[in-house]
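Colleague: Questions regarding the structure given below will be posed in turn.
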Amino acid sequence: MKSTSYSKIKWHKGDKIFQFVIIVLILMIPIITVYTSATLASSNIEVEQLKEKITNQENINSSLSMQVDELASLSNIQSVAKLYGLSYNNDNIVVIK
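The numbering of the sequence shown is the working numbering, which starts it at 752 and goes up by one.
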């Protein structure tokens, strides 16, 4: 009968450290992945909120620009001039932009 003897694997100090590092990496990779995904999602939410604020401000600016154009119209200038007893003189009108 043959007896089978299993030889024990002798681990050196460097091998044990290498195994420990590999195990730590295997355990940390999923945690890091979840953390970075959560951070990315949070950043995307902030970006969307800023885009919405920008859109709202652009709408306000557009509305104010239309009001300025309306107040600077020729008919409005003439009506204000008549109201205060002034005469319309095209040479005296200065447009500031």
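Cβ coordinates follow ideal geometry from the N, Cα and C atoms, glycine included. Keep in mind it's a predicted model, so treat the numbers as computed, not measured.
In three-state terms, what does DSSP make of A792?
Modeller: Helix at A792.
Colleague: Which residues bound the alpha helix (DSSP H) around L825?
Modeller: That run of the alpha helix (DSSP H) goes 825-834.
Colleague: Relative to the C-alpha of L825, which residue among T806, S838, I768 is closest?
Modeller: Minimum Cα distance to L825 is reached at S838.
Colleague: Where E821 and L815 are concerned, what is the direct C-alpha to C-alpha distance, given to the nearest angstrom?
Modeller: So the two alpha carbons sit approximately 10 Å from each other.
Colleague: Can you tell me which of the three DSSP states S838 falls into?
Modeller: In this structure, S838 counts as coil in the three-state DSSP scheme.
Colleague: Specify the secondary structure class of K761 as computed by DSSP and reduced to three states.
Modeller: Three-state DSSP puts K761 in coil, outside helix and strand.
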